[in-house]
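Inspection log for the structure reproduced underneath, given as structure tokens.
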Amino acid sequence: MSFGRMPLANAFLRAEDFADETFFELAPAFCAPCGTFQLFEQPDPAALFHGDYPFYTGSSARMSHYFSEVAEDLIRRCSCSARPGSSNDGAGTFIIELGCNDGTMLQVLAARGIPHLGVEPSGNVAQSARDKGVNVLESFFGAACATAIVGEYGQADIVYAANVMCHIPDLHRVAEAVDLVLKQEGRLIFEDPYLGDMLARTSYDQIYDEHVFMFSLAAVTSAFSPHGFTVVECQALSNHGGSMRYTLARDGIAAPAPSVAELAEKEEVEGLQRAQTFTLFAERCTASRTELRAVLGRLHDEGAAVLGYGAASKSTTVINYCGIDKQWLPAICDSTPAKQGRFSPGAHIPIVPPEVFADPYPDFALLFVWNHQEEIIAKEKGYRRHGGKWISHTPRVEVWP
Ligand code: TMP
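Note that the sequence shown covers residues 5 to 405 in this note's numbering.
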């Protein structure tokens, strides 16, 4: 299937950049031999992750809280496997986070003096992590990086990555690098948006340049098992509308938990390895686009005021796939200073600060960041009191309340 020519999802532009905008063909496909749902054309990671990367993990209070819990969990896991008699404060352990972004997770380890390293290729967010006291290596992750890390710090107990593994086109090189950097008994833990949830919600906006893969257990197994890694635990998460956390160990180190066989069976039942599943998904995407266009077109004809809420990377796919322009959506509110004053990729819709939302409130707001719905509804109570209505596009196109 193809979503057509698409700009880079996080390339928020200044007016003077319009002429040089990068486009590519956003065409995901199911690869039967390796069981992955992946992009055909994969833009160069260096064009996506650089010193002007506009996504900051800390922009969501809920996700910040979530990542401090992740940090506590990683510390506990290391403490459990610590040598008998060693202290329980994490000393002697070493935790690496791939794509640590602004250090939201690792700052908890930094504050406790637990040896850690964030590997982050985007200079601006790496600096934001350093400002929190996080130890950062500004680099893409691969064999050379892994060798340098081992030389300087030794091998890690845990390599963790959240919403990062699915960004890396060459999974086999990553697996080789993890093999170098991880202790024999160590764990690779990563979480990414889950294919099964994307299909169930028709959340096609999860498909954009950075999401080279939408993983399933089957895909993760097929990528990592040739490198001697076994999935030993799967945990479904509500993040990003449905994510999955995979814990991997070297073959023979740990027996897989029941969650692994259970998820494998569920994927079988749901047909995540059947081409027909993706044909039906493509049909639902087309229908969703038709419905959203009908709602926005009708509101425009009626003269209603409509704003977008949350200029997430996901919104780039929705806007450009559905052909939403400035006539239908004159602005998008977003709390990220690095996006404000810029223009959305492709459609060039202005990004404005959240204060604009109430000045005055629009009649309708298209909630691009449906994954942060609870947090935003709580924050924007005044909008509902004012009689404002939200528009959702997933799992169904709906206007509410
Ligand atoms: P994400 O869905 O990829 O996490 O991106 C969320 C975007 O939404 C990010 O640009 C920040 C923005 N945002 C707001 O504008 N207000 C909010 O309350 C939250 C939680 C996020």
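We treat Cβ as the ideally placed atom computed from N, Cα and C, and that holds for glycine.
All values derive from a computational prediction rather than experimental measurement.
Item to complete: Report the partner residues of TRP404 according to the DSSP bridge assignment.
Response: The residue you call residue 404 lines up with position 400 of the sequence shown. Partner(s): TRP394.
Worksheet entry | Presumed contact (8 Å Cβ cut-off) between VAL310 and PRO366, rounded CB distance | Counting from one through the sequence shown, the residue named residue 310 turns up at place 306. Counting from one through the sequence shown, the residue named residue 366 turns up at place 362. So it is a contact: roughly 6 Å between Cβ atoms.
Fill in: Complete beta strand (DSSP E) runs within the stretch 118-183 (minimum length 3 residues, chain order)
120-123, 160-166
Discussion item. Any contact between the stretch 293-308 and the stretch 17-24? By contact I mean 3 or more CB pairs, one from each, below 8 Å.
Written reply: no
Discussion item. Measuring only the C-alpha atoms, how far is GLN377 from LEU192?
Written reply: Counted from its first residue, the sequence shown places residue 377 at position 373. Counted from its first residue, the sequence shown places residue 192 at position 188. Looking at the two C-alpha atoms, the distance is approximately 30 Å.
Worksheet item: Between the C-alpha atoms of TYR164 and GLU266, what's the straight-line distance to the nearest angstrom?
Response: Within the sequence shown, numbered from 1, the residue matching residue 164 stands at position 160. Within the sequence shown, numbered from 1, the residue matching residue 266 stands at position 262. About 23 Å.
Discussion item. Closest to SER247 by C-alpha separation, out of SER207, ARG278, PRO230, ARG254, would be which residue?
Written reply: Here residue 247 refers to the residue found at position 243 of the sequence shown. When each option's Cα is compared against that of SER247, the closest is SER207.
Fill in: Simplified DSSP state of ILE193, which is helix, strand or coil
For the purposes of this step, residue 193 is identified with residue 189 of the sequence shown, where counting begins at 1. Strand.
Worksheet item: Out of curiosity, what's the CA-to-CA distance linking LYS385 and ALA115?
Response: Counting from 1 along the sequence shown, the entry for residue 385 is found at position 381. Counting from 1 along the sequence shown, the entry for residue 115 is found at position 111. Whole-angstrom Cα-Cα distance: 35 Å.
Discussion item. Among GLU180, GLN210, ASP196, whose alpha-carbon lies nearest the alpha-carbon of HIS231?
Written reply: The residue labelled residue 231 in the question sits at position 227 within the sequence shown. Considering only alpha carbons, the answer is GLU180.
Worksheet entry | Buried versus exposed, by CB contacts within 10 Å (16 or more), GLY117 | As a working mapping, residue 117 is identified with position 113 in the sequence shown. The residue in question, GLY117, is exposed, as its Cβ has fewer than 16 Cβ neighbours within 10 Å.
Practice prompt. For GLY8, count neighbouring C-beta atoms within 10 Å of its own C-beta (all shown protein chains included) and say buried if the count is 16 or more, exposed if not.
Written response: Counting from 1 along the sequence shown, the entry for residue 8 is found at position 4. By the 10 Å Cβ count, GLY8 comes out exposed.
Discussion item. Using 8 Å as the cut-off, can you tell me whether the stretch 94-111 makes contact with the stretch 153-168, which would need three or more C-beta pairs spanning the two stretches below that distance?
Written reply: yes
Worksheet entry | LYS187 versus HIS120: straight-line alpha-carbon distance, rounded | Within the sequence shown, residue 187 is the residue found at index 183, counting from 1. Within the sequence shown, residue 120 is the residue found at index 116, counting from 1. Computed Cα separation, rounded: 14 Å.
Worksheet item: Hey, how far is the Cα of GLN344 from the Cα of GLY312?
Response: Reading the sequence shown from its first residue, position 340 is the one you call residue 344. Reading the sequence shown from its first residue, position 308 is the one you call residue 312. Roughly 13 Å between the two C-alpha positions.
Worksheet item: When the Cα atoms are used, what is the spatial distance from ILE353 to ALA335?
Response: Within the sequence shown, numbered from 1, the residue matching residue 353 stands at position 349. Within the sequence shown, numbered from 1, the residue matching residue 335 stands at position 331. Going from the Cα of ILE353 to the Cα of ALA335 covers about 6 Å.
Practice prompt. Drop a sphere of 10 angstroms on the beta-carbon of THR283, count the other beta-carbons inside from all chains shown, and report buried for 16 or more, exposed for fewer.
Written response: Locating residue 283 in the sequence shown gives position 279, counting from the first residue. The residue is exposed, with fewer than 16 neighbouring Cβ atoms inside 10 Å.
Worksheet item: Between ARG177 and the rest of its own chain, which residues show a CB-CB distance below 8 Å, the 5 nearest in sequence each way excluded?
Response: Residue numbering aside, residue 177 sits at position 173 when the sequence shown is read from its first letter. For ARG177, where only same-chain residues beyond five positions count, the Cβ hits under 8 Å are GLY146, ALA147.
Worksheet item: Secondary structure at ASN92, three-state DSSP: helix, strand or coil?
Response: The residue labelled residue 92 in the question sits at position 88 within the sequence shown. With a pLDDT of 38 at ASN92, under the threshold of 50, the modelled position of this residue cannot be trusted, and the question is left open.
Discussion item. Please identify the residue among GLU156, ASP209, ALA351 whose C-alpha is closest to the C-alpha of VAL185.
Written reply: Counting from 1 along the sequence shown, the entry for residue 185 is found at position 181. Ranking GLU156, ASP209, ALA351 by Cα distance to VAL185 puts GLU156 first.
Fill in: SER292, enclosing alpha helix (DSSP H) - first and last residue
Position 288 of the sequence shown, counted from the first residue, corresponds to residue 292. Its alpha helix (DSSP H) spans residues 279-305.
Worksheet entry | Burial state of ASP24, where buried means 16 or more other Cβ atoms lie within 10 Å | In the sequence shown, the residue the question calls residue 24 occupies position 20. It is exposed - the Cβ of ASP24 has fewer than 16 other Cβ atoms within 10 Å.
Worksheet item: Exposed or buried, what is THR40 when buried is set at 16 or more other beta-carbons lying within 10 Å of its beta-carbon?
Response: Along the sequence shown, one-based indexing puts residue 40 at 36. Buried.
Worksheet item: According to the neighbour-count rule (16 or more other Cβ atoms, all chains shown, within 10 Å of its Cβ), is ASP305 buried or exposed?
Response: The residue labelled residue 305 in the question sits at position 301 within the sequence shown. Flag for ASP305 reads exposed.
Worksheet item: Taking the continuous alpha helix (DSSP H) assigned at MET202, which residues delimit it?
Response: Reading the sequence shown from its first residue, position 198 is the one you call residue 202. 199-205 is the extent of the alpha helix (DSSP H) around MET202.
Discussion item. Following a CB-centred definition, is LYS385 positioned closer than 7 Å to any heavy atom of the ligand TMP?
Written reply: For the purposes of this step, residue 385 is identified with residue 381 of the sequence shown, where counting begins at 1. No; taking the cut-off as 7 Å, the Cβ of LYS385 has no heavy atom of the ligand TMP nearer than that.
Discussion item. Taking the alpha-carbon of VAL216 as reference, which of PHE28, PRO405, ASP21 has the nearest alpha-carbon?
Written reply: Position 212 of the sequence shown, counted from the first residue, corresponds to residue 216. Residue PHE28 is the option with its Cα nearest to VAL216.
Worksheet entry | Cα-Cα separation, VAL373 to ALA222 | As a working note, residue 373 is residue 369 in the sequence shown. As a working note, residue 222 is residue 218 in the sequence shown. Answer to the nearest angstrom: the Cα atoms are 28 Å apart.
Worksheet entry | Per DSSP, the bridge partner or partners of ILE99 | Start at 1 with the first residue of the sequence shown, and residue 99 comes out as number 95. BP columns for ILE99 point to HIS120, ILE162.
Item to complete: Identify which residue in SER6, SER319, ALA227 has its Cα closest to the Cα of SER396.
Response: The count along the sequence shown starts at 1 and reaches residue 396 at position 392. Looking at the Cα atoms, SER319 is the closest of the given residues.
Practice prompt. Grab the span of the beta strand (DSSP E) containing SER317 for me, first residue to last.
Written response: Working through the sequence shown from its first residue, we reach residue 317 at position 313. Counting along the chain, SER317 falls outside any beta strand (DSSP E), though it belongs to the alpha helix (DSSP H) covering 317-326.
Worksheet entry | Cut-off 8 Å between Cβ atoms - residues of its own chain near ALA227, not counting five sequence neighbours on either side | Translated into positions along the sequence shown, residue 227 becomes position 223. Excluding sequence neighbours, ALA227 sits near CYS38, THR40, LEU175, HIS176, ALA179.
Fill in: Length of the line joining the Cα atoms of TRP404 and ALA382
Residue mapping note: residue 404 aligns to position 400 of the sequence shown, counting from 1. Residue mapping note: residue 382 aligns to position 378 of the sequence shown, counting from 1. Those two C-alpha atoms are separated by around 15 Å.
Practice prompt. Report whether the distance from the Cβ of CYS337 to the nearest heavy atom of the ligand TMP is below 7 Å.
Written response: For the purposes of this step, residue 337 is taken as residue 333 along the sequence shown, with counting starting at 1. Checking the Cβ of CYS337 against the ligand TMP gives yes.
Discussion item. Can you tell me whether ASN375 sits near the ligand TMP, meaning its C-beta is under 7 Å from at least one heavy atom of the ligand?
Written reply: For the purposes of this step, residue 375 is identified with residue 371 of the sequence shown, where counting begins at 1. Under cutoff, so the answer is yes.
Worksheet item: Can you tell me the Cα-Cα spacing of PRO11 and ALA50, whole angstroms?
Response: Taking the first residue of the sequence shown as 1, we reach residue 11 at position 7. Taking the first residue of the sequence shown as 1, we reach residue 50 at position 46. About 15 Å.
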